[in-house]
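The sequence shown begins at 934 in this note's numbering and counts up by one.
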Amino acid sequence: MSRFSARQLFLTITIILLIAGALFVFRKPMTKPAAPVTKPPISQPSTPRSILAEPPDWDALDAFQNTISREEFERLLTTVFTTGQAWKNFIEIGETEASIKTGELPPADIFHLHFATSASQKVPSHWKTAADLPPTTLEKPLADLKITIDPGHIGGAWAKMEERWFVVGDGSPVCEGDMTLQVAKILKPKLEALGATVSLVRDKAEPVTTIRPEALLSVANESKSTASQESPQKLAERLFYRTAEIHARAKLVNESLKPDLVLCLHFNAEAWGDPNKPTLIDHTHLHLLVNGAYSDDEVSLADQRFALLHKLLQRTHQEEIQIGSSIASSFAKATGLPPYQYPPDSLNVRQIPDQPYLWARNLLANRLYHCPTIFMEPYVMNSTIDYARIQAGNYEGLREIGGKMVPSIFREYAEAVTAGLANHYRALRRTN
Ligand SMILES: [Zn+2]
934 MSRFSARQLF LTITIILLIA GALFVFRKPM TKPAAPVTKP PISQPSTPRS
984 ILAEPPDWDA LDAFQNTISR EEFERLLTTV FTTGQAWKNF IEIGETEASI
1034 KTGELPPADI FHLHFATSAS QKVPSHWKTA ADLPPTTLEK PLADLKITID
1084 PGHIGGAWAK MEERWFVVGD GSPVCEGDMT LQVAKILKPK LEALGATVSL
1134 VRDKAEPVTT IRPEALLSVA NESKSTASQE SPQKLAERLF YRTAEIHARA
1184 KLVNESLKPD LVLCLHFNAE AWGDPNKPTL IDHTHLHLLV NGAYSDDEVS
1234 LADQRFALLH KLLQRTHQEE IQIGSSIASS FAKATGLPPY QYPPDSLNVR
1284 QIPDQPYLWA RNLLANRLYH CPTIFMEPYV MNSTIDYARI QAGNYEGLRE
1334 IGGKMVPSIF REYAEAVTAG LANHYRALRR TN
């Protein structure tokens, strides 16, 4: 037994020496000056994605084969959905198909989208346009329409963390997430009275996601860029209240609620500085947002490139423009608010032609919700006039504020959205 062990020991030592020798020989070239670093070839797969984004399911786009013409695809891609030229690094438009880089390994590295010929397929969708809905009466223009209201932000105890909160002296704190919920609760019965089925993604000042910032600290530590001044704690909080929260709302919208339309309610603001000593400004404005205007950086991320194509192919854009312009006109009529203008050199925004109040931007919610989605951005919370109206709260009738008789800002908001939707569906639905 011991003799056998000695032989085994001898063999083991011999093998170790042989391996060590081989390693030494293989290591030798490493002692020479390193060869110049070559860039990976362009076709080499890499999968940069947004933080917390799931890998895209490119096969889901197969449902859209033969549903869009080459001309329409190119028009939407270049005039609505992108702001730069980086898409050309990932999407090649051929005569009969678009070849799209997925960021996956071969053979899944390219997704082939076949353009429609004369006998094109119908666009698959679970949401309905005005023309798809059955005939209705003028009194119930929203009958059979499923609307989801997304009251922006979380509010309540989370408002300070989300930085959607400020207070002026001993006034009531201005908290966007509570204000959007207040509007949602006034809006819901108004839309229901016109026949709509209405759901809210949240009906209290609590997150929809079950993830909390502590659980995102390690992700924040890993993904924090060295150039950023933001602490990992701050980044983990932002990943919670923005990213994880919107992902949870998108799951609810896409998998359970499945509406025909989502209304994302917000109040706009301009930089207010210290939330305990905010800067109040003298002007207010209005704009609404639809999905589009993906920047070059965003197009380069696999998940956002996928979402861009999914939105483009679902043809939500035309519906968003029509509904958005109707709500914008009723809002402008009710409030007299002037249109907001983004700075002309903005790389992540596009103005919708002939629509002074409508802009395209790529936001997490309007990118992830699988149906037409309108973002409302009326008023400026830290303007002197809107601040005074917010302080006046929710009241019936009219009150004199800033020398004018005005309704409660929350009721005016809900009324304007309701009127815009009623006008749109009354104009485009068949009546019986
Ligand atoms: Zn907001």
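Even glycine gets a Cβ: it sits at the ideal position worked out from N, Cα and C. In this text, all values refer to a predicted model and were calculated from it rather than measured experimentally.
Check your understanding: Within the present structure, is the beta-carbon of ARG1135 separated from the nearest heavy atom of ligand 1 by less than 7 Å?
Key -> As a position in the sequence shown, residue 1135 is number 202, starting the count at 1. No.
**Study point:** Option nearest TYR1328 by Cα separation, candidates SER1164, TYR1346, PRO1040
**Key:** Position 395 of the sequence shown, counted from the first residue, corresponds to residue 1328. Selected option, being the one with the closest Cα: TYR1346.
Exercise for review: Confirm the yes/no value for this check: CB of GLY1085, any heavy atom of ligand 1, distance under 7 Å.
Suggested key: Taking the first residue of the sequence shown as position 1, residue 1085 is located at position 152. GLY1085: yes, Cβ under 7 Å from ligand 1.
Check your understanding: Rounded to a whole number of angstroms, what is the C-alpha to C-alpha distance between PHE997 and TRP1205?
Key -> Translated into positions along the sequence shown, residue 997 becomes position 64. Translated into positions along the sequence shown, residue 1205 becomes position 272. Taking the straight line joining both Cα atoms gives about 45 Å.
Practice item. My understanding is that THR1029 touches HIS1047, with C-beta atoms under 8 Å, so please give their C-beta distance in whole angstroms. Key: Taking the first residue of the sequence shown as position 1, residue 1029 is located at position 96. Taking the first residue of the sequence shown as position 1, residue 1047 is located at position 114. Confirmed, Cβ separation roughly 7 Å.
Check your understanding: For ASN1224 versus ARG1300, is the C-beta distance shorter than 8 Å?
Key -> The sequence position of residue 1224 within the sequence shown is 291, counting from 1. The sequence position of residue 1300 within the sequence shown is 367, counting from 1. It is a contact, given that the beta carbons lie within the stated cut-off.
Point to revise | Supposed close pair LEU1199, GLU1139 - CB separation, criterion 8 Å | key: Position 266 of the sequence shown holds residue 1199. Position 206 of the sequence shown holds residue 1139. It should be noted that the sequence gives His, not Leu, for residue 1199. Actually they do not touch by this definition, with Cβ atoms about 18 Å apart.
Check your understanding: In the DSSP assignment, what are the bridge partners of PRO1084?
Key -> As a first step, residue 1084 must be located in the sequence shown, where it is residue number 151. PRO1084 is bridged to LEU1198.
Check your understanding: Relative to the C-alpha of LYS1021, which residue among PHE1239, LYS1121, ILE1033 is closest?
Key -> Counting from one through the sequence shown, the residue named residue 1021 turns up at place 88. That would be ILE1033, whose Cα lies nearest to the Cα of LYS1021.
Practice item. Check whether the region 1213 to 1231 touches the region 1311 to 1322, taking contact to mean three or more Cβ pairs, one atom from each stretch, closer than 8 Å. Key: yes
Exercise for review: Using a threshold of 8 Å, state whether the C-beta atoms of GLU1178 and MET1094 are closer than that.
Suggested key: Start at 1 with the first residue of the sequence shown, and residue 1178 comes out as number 245. Start at 1 with the first residue of the sequence shown, and residue 1094 comes out as number 161. In this structure, MET1094 does not lie closer than 8 Å to GLU1178 by Cβ.
Exercise for review: Specify, as a first and last residue, the run of the alpha helix (DSSP H) that ARG1359 falls within.
Suggested key: Against the sequence shown, residue 1359 aligns to sequence position 426. First-last of the alpha helix (DSSP H) with ARG1359: 1342 to 1361.
Check your understanding: Hey, ARG982 and LEU1234: beta-carbon distance below 8 Å or not?
Key -> In the sequence shown, the residue the question calls residue 982 occupies position 49. In the sequence shown, the residue the question calls residue 1234 occupies position 301. It is a contact, given that the beta carbons lie within the stated cut-off.
Practice item. From the DSSP output, in three-state form, read off SER1002 for me. Key: The sequence position of residue 1002 within the sequence shown is 69, counting from 1. Coil.
Check your understanding: Does the region 1351 to 1365 touch the region 1074 to 1085, meaning 3 or more C-beta pairs lie closer than 8 Å?
Key -> yes
Review point. In chain order, which beta strand (DSSP E) runs of at least 3 residues are fully inside the region 987 to 1062?
Key: The region 987 to 1062 contains these whole beta strand (DSSP E) runs: 1024 to 1026, 1030 to 1034, 1043 to 1047.
Review point. Going straight from the alpha carbon of TYR1290 to that of PRO1040, what length do you get?
Key: In the sequence shown, residue 1290 corresponds to position 357, counting from 1. In the sequence shown, residue 1040 corresponds to position 107, counting from 1. Cα to Cα, TYR1290 sits roughly 45 Å from PRO1040.
Check your understanding: For LEU1222, which beta-bridge partners are listed by DSSP?
Key -> Mapped onto the sequence shown, residue 1222 falls at position 289. DSSP lists TRP1292, PHE1308 as the beta-bridge partner residues of LEU1222.
**Study point:** Any beta strand (DSSP E) of 3 or more consecutive residues that is wholly inside the region 1125 to 1186
**Key:** 1130 to 1133
Check your understanding: For LEU1180, is the beta carbon positioned less than 7 Å from some heavy atom of ligand 1?
Key -> Taking the sequence shown and counting its residues from 1, the one referred to as residue 1180 is at position 247. Here the sequence assigns His to residue 1180, which means Leu is not the residue at that position. No, the Cβ of HIS1180 stays beyond 7 Å of every heavy atom of ligand 1.
Review point. How would you write the range of the alpha helix (DSSP H) that ARG1300 sits in, first residue to last?
Key: In the sequence shown, the residue the question calls residue 1300 occupies position 367. Counting along the chain, the alpha helix (DSSP H) containing ARG1300 begins and ends at 1297 to 1301.
Practice item. State the DSSP-derived secondary structure class of GLN1274, mapped to helix, strand or coil. Key: As a first step, residue 1274 is located in the sequence shown; it is residue number 341 there, counting from the start. Correct three-state label for GLN1274: coil.
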